[in-house]
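Taking it in order: structure first as structure tokens, then the write-up.
Residue numbers (UniProt numbering), protein chains in the order written: chain U, 1 to 272; chain P, 1 to 299.
Dropping the structure here:
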């Protein structure tokens with residue numbers, strides 16, 4: 001029995017039995033509208049700005065974007081769900097709504113614990129060394145100082161930023177974009193999250209790092225977490241997720257086993 | 001493997017009830033005040049680490065490094081002494097104008113920089129806020145701590161100046177500690193207030209320098225506070241007397257200087273006003289910031 005478990009861990013992910021399925025994220029007819037402040041556009045003269053202030057009309061260069069239009073699905077413990085769709089289909093917006101960073105206009109998003117969003121743009125402090133960023137990032141995730149000290153070498157090691165010399169003690173602004181993305185992923189992945197939302201972060205590393213991070217994502221799932229992965233690289237969705245949701249123009253076009261959804265998606269994009 | 005989707009044991013249940021049955025929470029809800037305060041306490045290590053990191057980063061591009069922590073206030077004091085002491089002759093027969101000026105300048109600067117950076121505490125850290133979940137009050141609090149550390153550097157300079165200019169060391173010096181602590185609480189509240197304001201009204205950053213300049217002139221930093229009583233009508237002087245910055249500055253001056261002009265004659269009353277401001281601003285600022293917690297980082 002023990003042998004069997006160990007083996008199955010190596011080969012594929014052991015899925016929890018169907019009766020044990022516990023929802024971790026419930027999205028109920030969610031609509032997300034966000035407002036974009038465009039810089040200079042339209043009548044941007046001081047006089048026009050003053051008139052708007054006096055008449056209390058809203059600025060014309062705030063535009064509303066209805067990015068997610070009524071999405072409903074339920075995610076369970078131990079699932080890895082891929083989110084695919086063409087550019088501007090609302091994938092990243094949906095992730096931010098699940099993370100609680102964007103309010104839903106209508107409908108509701110329920111989550112277990114606090115989902116963590118891991119994106120490429122999640123900058124830490126660029127003036128500080130990588131090591132210091134790891135400490136800060138871990139503390140910001142709520143780790144204790146002792147825990148951070150224990151994890152620090154492991155995180156640096158995992159990120160692989162020290163492969164070409166001692167980069168961990170250099171300021172992060174000296175890093176290449178791939179290196180800082182790798183470090184950010186390593187920090188976020190150091191903690192066990194109930195719900196982890198990954199936005200394109202796996203795509204940035206080189207092949208070796210991608211392998212490592214995919215293995216880490218699998219590990220996070222086995223420890224009863226739920227992982228969402230937004231990616232344009234269909235291969236990494238295929239390798240990590242067994243369920244995929246296809247968003248198009250803010251609505252779910254398809255939700256099902258990765259193989260089927262990807263097949264339909266590929267047919268859709270090549271047919272365009 | 002085909003069972004991964006759509007085979008839902010809870011099927012038929014509306015999503016809201018499903019969520020309630022498994023104890024899921026609405027995403028992005030504001031925690032209660034008690035929970036929030038406990039969270040903030042658990043993040044105290046993050047707050048101090050972030051404050052230290054910011055302090056280190058602020059000098060990381062300068063060759064003299066942390067020495068600027070002392071050099072900046074020193075050069076500031078020199079410039080203002082040159083203009084207000086020597087050129088404009090504002091000392092008006094005061095015993096120790098240099099120490100009078102520097103005390104006011106450093107105490108005011110503590111609040112001024114906290115407020116300036118506080119307006120950008122949220123808007124300047126959107127990356128961090130959108131990436132990680134932590135109580136957002138950590139950011140303005142960290143700014144207050146960083147500025148407090150800067151103040152300690154300034155205090156070394158101030159005490160050196162006070163000693164060089166021949167002031168005696170007295171027991172009154174001990175008053176400086178509670179005075180600065182009260183001011184720190186006041187600053188924390190004020191920094192949280194402007195952090196929330198600055199998160200929504202991005203124009204605040206442009207307006208702030210003018211507000212702060214006016215406030216500085218109303219706090220008797222650069223000239224004798226006697227000028228207020230001489231030139232302002234009675235009601236205006238009364239307002240200036242309750243100006244928190246004037247109060248904190250006067251407390252520092254009373255503590256360090258033997259003989260200094262004061263606007264508030266009664267020392268106990270000055271202390272009461274200082275404590276009052278610190279409580280009102282500290283608690284009020286915290287409550288105000290907490291009420292906006294779920295909005296930060298949304299744009």
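By construction, the Cβ of each residue, glycine as well, lies at the ideal position given by its N, Cα and C atoms.
In summary, residue 140 of chain P is buried, with 16 or more beta-carbon neighbours lying within 10 Å of its beta-carbon over all protein chains present.
No Cβ of chain U is located within less than 9 Å of the beta carbon of residue 289 of chain P.
With contacts defined as CB atoms closer than 9 Å, residue 198 of chain U and residue 185 of chain U qualify as a contacting pair.
A residue is called buried once 16 or more other Cβ atoms fall within 10 Å of its Cβ, and residue 147 of chain P is buried on that count. Looking at the DSSP output, residue 246 of chain U sits in a beta bridge with U/84, U/254.
Taking 8 Å as the upper bound on Cβ-Cβ separation, chain U lies near residues 42, 43, 45, 46, 49, 50 of the stretch 38-51 of chain P. With contacts defined by Cβ atoms closer than 9 Å, residue 15 of chain P and residue 26 of chain U form a contacting pair. At the C-beta level, residue 189 of chain U and residue 102 of chain U stay beyond 9 Å of one another.
By the 16-neighbour rule on beta-carbons within 10 angstroms, residue 265 of chain P is exposed. With 16 or more other CB atoms across the displayed protein chains lying within 10 angstroms of its CB, residue 250 of chain P is buried.
Counting only residues of its own chain and dropping the five nearest sequence neighbours on each side, residue 80 of chain U has a CB closer than 7 Å to the CB of 217, 221, 227, 229, 240, 241, 242.
The stretch 118-125 of chain P and the stretch 158-173 of chain P do not touch, with fewer than 3 CB-CB distances between them shorter than 8 Å.
In terms of beta-carbon proximity, residue 26 of chain P lines the interface with chain U, with at least one pair separated by less than 9 Å. Contact of residue 141 of chain U with chain P is assigned, a C-beta pair being separated by under 9 Å.
Look at the stretch 125-155 of chain P: the residues with a C-beta under 7 Å from a C-beta of chain U are 127, 128, 130, 131, 132, 133, 134.
Neighbours of residue 111 of chain U in chain P, taken as residues whose beta carbon is under 7 Å from its own, are 24, 25, 27 in chain order. Taking residue 93 of chain U as the centre and dropping the five residues before and after it, the same chain places the C-beta of 32, 67, 68 closer than 6 Å to its C-beta, in chain order. In the DSSP assignment, residue 194 of chain U falls outside any beta strand (DSSP E) and carries neither an H nor an E. Within chain P, the residues whose beta carbon sits less than 7 Å from that of residue 100 of chain U are 27, 28, listed in sequence order. When secondary structure is reduced to three states using DSSP, residue 162 of chain P falls in the helix class.
Between residue 65 of chain P and chain U, the shortest Cβ-Cβ separation is not below 9 Å. The alpha helix (DSSP H) runs of length 4 or more contained entirely in the stretch 102-141 of chain U are, from start to end of the chain, 130-140.
Residue burial is scored here from C-beta neighbours: residue 26 of chain P has fewer than 16 other C-beta atoms within 10 angstroms and is therefore classed as exposed.
With contacts defined as CB atoms closer than 9 Å, residue 96 of chain P and residue 226 of chain P fail to qualify as a contacting pair.
For residue 133 of chain U, the CB contacts under 8 Å within the same chain, skipping 5 residues up- and downstream, are 124, 125, 172, 183, 187 in chain order. Counting along the chain, the unbroken alpha helix (DSSP H) around residue 97 of chain P starts and ends at 97-118. Taking CB atoms only, residue 116 of chain U has a neighbour in chain P less than 9 Å away. Contact annotation: in the stretch 232-248 of chain U, residues whose CB is within less than 7 Å of a CB in chain P are 242, 243. Interface residue (Cβ-Cβ distance to chain P less than 9 Å): residue 84 of chain U is not classified as such. Beta-bridge pairing by DSSP links residue 28 of chain U to U/108.
The contact set of residue 108 of chain U on chain P, defined by CB atoms closer than 7 Å, consists of 16, 26 in chain order. Note that the C-beta distance between residue 49 of chain P and residue 136 of chain U is below 9 Å.
Under the Cβ distance rule, residue 123 of chain P does not count among the residues neighbouring chain U, no pair being separated by less than 9 Å. Restricting attention to P/101, P/233, P/138, P/274, the CA atom closest to the CA of residue 178 of chain P is found in P/274. For residue 230 of chain U, the enclosing beta strand (DSSP E) starts and ends at 226-230. Secondary-structure assignment with DSSP links residue 71 of chain U through a beta bridge to U/30.
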